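Taking it in order: structure first as structure tokens, then the write-up.
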Amino acid sequence: MEVSLRIKCPTLTLWGLVLGLQPKLIIPFFLSGQSQLIGSSQPIVAKIGSDIILPCHLEPAEDVAAKMLEWTRSDLDPRFVCVWRAHQELLDLKNPSYLGRTSLFTDELKHGNISLKLSRVKPADQGRYKCFIPNKEEESFLELVVGNLSGTDRDKGGVVLTCESKGWYPEPELLWLDGEGKLLSAGPTETVRGPDDLYTVSSRVTLEKKHSNNFTCRVQQKIINQTRETQIHVPGRNYIYLATSAWAIKQIFVSVHVLNTITHSEVPHIKNRTE
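Using the UniProt record's numbering, you'd call the opening residue of the sequence shown number 1 and step up by one each time.
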């Protein structure tokens with residue numbers, strides 16, 4: 001008897017309700033005389049319609065204003081988000097979806113700062129970006145995650161968290177845990193099997209006053225020994241704080257509905273945990 005097991009490790013994507021996350025910069029180690037492009041070790045998170053800066057700089061600092069500089073996305077055609085050559089941007093090479101929405105800090109190029117400002121962020125902007133200096137063969141990659149803030153419902157009370165994870169095989173289980181690691185009573189897990197045979201699971205939990213302020217959405221598949229989780233902190237129910245491991249940032253969706261806990265002028269925000 002021949003038994004076969006198909007294993008596909010899932011990836012996780014963060015989506016929705018993400019505001020004010022600050023990138024954690026990589027601290028490089030390099031030898032004297034060597035240079036390195038430094039980006040962000042964690043995903044950059046942007047709200048739909050906002051302006052965001054994709055960080056990238058040369059360390060040690062060096063004037064790159066006269067060099068060819070590229071920002072690209074390999075999943076696009078054409079792949080160029082921004083191309084700089086001989087003190088000017090080459091618009092003919094630019095992907096049309098980014099026209100009029102990107103800019104370099106030209107006064108900072110002499111200091112090796114190649115950071116890109118992306119304006120009026122769209123859902124389609126989500127993806128993996130590459131910062132590249134061709135003639136130095138220096139490159140840096142970073143992930144942009146695009147989300148939006150949920151509305152508030154003034155007729156109800158409490159906080160509702162929704163967690164969704166995609167790209168699993170075999171079918172995983174989804175658990176909600178409190179700050180002490182104890183299971184929370186949540187709604188039934190919804191499972192959808194896609195045309196590619198991969199599973200998407202989602203679940204909702206309504207927080208009560210008796211709960212602590214720390215929560216974890218955990219998705220696990222014991223057969224292939226895979227676990228992904230996202231931690232949420234809700235201090236005083238006034239703002240949301242979310243931390244996700246950098247290796248588990250693709251394909252996890254955490255939706256947070258804040259109900260009857262803020263005024264119309266207040267906005268809950270999510271920020272990255274500093275470890």
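Yeah, the Cβ is synthetic: ideal placement off N, Cα and C, and Gly gets one too. Model, not experiment: these values are computed from the prediction.
Alpha-carbon to alpha-carbon, residue j and residue i
i: F105; j: V205; result: 44 angstroms
i: S50; j: E108; result: 22 angstroms
i: E208; j: V81; result: 45 angstroms
i: E70; j: V145; result: 20 angstroms
i: V192; j: K166; result: 9 angstroms
i: A124; j: L118; result: 12 angstroms
i: I44; j: P60; result: 23 angstroms
i: Y199; j: T227; result: 14 angstroms
i: V83; j: T162; result: 39 angstroms
i: L142; j: I114; result: 13 angstroms
i: L99; j: P195; result: 35 angstroms
i: A46; j: L116; result: 14 angstroms
Contact test: residue i Cβ vs the ligand HEM heavy atom, cutoff 6 angstroms
i: A186; result: By its list of ligands, the structure shown contains no ligand whatsoever, and the ligand HEM lies outside what it can speak to.
Chain-order list of residues whose beta-carbon lies under 8 angstroms from that of residue i (same chain, five-residue window excluded)
i: N135; result: K67, M68
i: R79; result: T72, R73, N95
i: L91; result: L99
i: N225; result: none
Supposed close pair residue i, residue j - CB separation, criterion 8 angstroms
i: G39; j: D75; result: So it is not a contact: roughly 18 angstroms between Cβ atoms.
i: N112; j: E164; result: With the sequence shown as reference, residue 112 is identified as Gly, and Asn is not the correct amino acid for it. Not quite, the Cβ-Cβ distance comes to about 40 angstroms (not below 8 angstroms), so this is no contact.
CA nearest to the CA of residue i, picked from the options
i: Q88; options: S97, S103, D77; result: S103
i: K94; options: R120, K110, D77; result: D77
i: N159; options: S140, G181, A186, F141; result: The sequence shown places Val at residue 159, not Asn. Minimum Cα distance to V159 is reached at A186.
i: P188; options: N225, W176, E143, F141; result: W176
i: K182; options: G194, C217, P195; result: C217
i: S35; options: P195, S140, G194, T230; result: S140
i: I48; options: K122, D92, L116, E229; result: K122
i: K110; options: V64, N225, E229; result: V64
Contact set for residue i: own chain, Cβ-Cβ below 6 angstroms, skip 5 residues either direction
i: E190; result: S202
i: E138; result: L37
i: L184; result: W176, D178, V205
Close Cβ partners of residue i (< 7 angstroms) along its chain, the five nearest in sequence each way excluded
i: A86; result: A66
i: R101; result: L118, S119, R120
i: D197; result: Y169
i: S97; result: A124
Problem set entry | Segment contact flag, the segment 124-140 with the segment 52-59, C-beta cutoff 8 angstroms, min 3 pairs | yes
Exercise. Does the segment 214-228 come within contact of the segment 168-177, defined as at least 3 CB pairs closer than 8 angstroms?
Worked result: yes
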